[in-house]
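Enquirer: Numbering (the numbering used here), first residue to last: 705 to 851. Just so it is clear, CB atoms sit at the ideal spot from N, CA and C, and this is done for glycine as well.
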């Protein structure tokens, strides 16, 4: 009897807050508050509140909740162990199967272009670059001006 009264009071207060929120033109928030405030009345009407009050004082019900908690703990532990075993093993098998350690990428069929070289030029034409590629830009500018 007391639980039903408390739930009704909570729902009435929530609906009052929803009306004030709607008055401030925040209709989405008002609808959400109204939905939350109707939950306690719905629980009372379905009989869940009465069942909970009977269950809260029953030692058999509390023992049942303990058994359920133990089952959930066993389930969670076995899932964690299973993930740890298959997660590490599957990743290692995938990595070693797709990429072998110690191998290199295959050589390219076309030679890489040098910095000063154009795509249309053959690699053997022209002067070879100096000792370093640092002067290839300068050589290209000098050739452009005919020097």
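1) Please check the pair residue 743 and residue 708, which I expect to be a contact at CB under 8 angstroms, by giving their CB distance rounded to whole angstroms.
2) Between which residues of its own chain and residue 714 is the CB-CB distance below 6 angstroms, once the five residues before and five after are set aside?
3) Measuring straight from C-alpha to C-alpha, what distance separates residue 752 and residue 740?
4) Taking residue 851 as part of the alpha helix (DSSP H), name the residues at either end of that continuous run.
5) How far does the alpha helix (DSSP H) with residue 758 in it extend, from its first residue to its last?
6) Which whole-angstrom value describes the C-beta separation of residue 734 and residue 716, a residue pair presumed to lie in contact below a C-beta threshold of 8 angstroms?
Expert: Taking the coordinates as given:
1) With a Cβ gap of about 14 angstroms, residue 743 and residue 708 do not count as contacting.
2) 744
3) The straight-line gap from Cα to Cα measures roughly 16 angstroms.
4) Careful: residue 851 lies outside any alpha helix (DSSP H) and carries neither H nor E.
5) 752-760
6) Not confirmed; about 15 angstroms, so no contact.
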